[in-house]
Amino acid sequence: MSKLFIGGLAWHTDDVALRTKFEEFGVVEEAVVVKDRDTGRSRGFGFVRFSNEDEADAA
Numbered sequence: 001m002s003k004l005f006i007g008g009l010a011w012h013t014d015d016v017a018l019r020t021k022f023e024e025f026g027v028v029e030e031a032v033v034v035k036d037r038d039t040g041r042s043r044g045f046g047f048v049r050f051s052n053e054d055e056a057d058a059a
């Protein structure tokens with residue numbers, strides 16, 4: 001299992017868009033955009049988790 005930090009996301013990026021983009025590289029187990037707990041707005045970064053390390057390396 002490999003978890004990647006993804007920075008520099010556009011403010012409008014959501015979990016679904018993040019997952020869709022990274023599925024180009026393999027099976028995504030989890031894709032999460034971190035949000036501000038007060039406003040609910042994206043903080044501009046997130047995490048993507050792959051079960052296969054080779055797919056994570058390709059991403």
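Residue numbering for the sequence shown follows the UniProt record's numbering, beginning at 1 and increasing consecutively. Every residue, glycine too, gets a C-beta built ideally from N, C-alpha and C.
Looking only at F5, D38, D36 and V34, the smallest Cα-Cα distance to F22 is reached by F5. Here V16 is exposed: its Cβ has fewer than 16 other Cβ atoms, across all protein chains shown, within 10 Å. Of the residues assessed, G46 falls on the buried side of the cut-off, its CB having 16 or more other CB atoms within 10 angstroms.
In this structure, V27 places its C-beta atom within 9 Å of the C-beta atom of N52. Where A56 is concerned, the enclosing alpha helix (DSSP H) starts and stops at E53 to A58.
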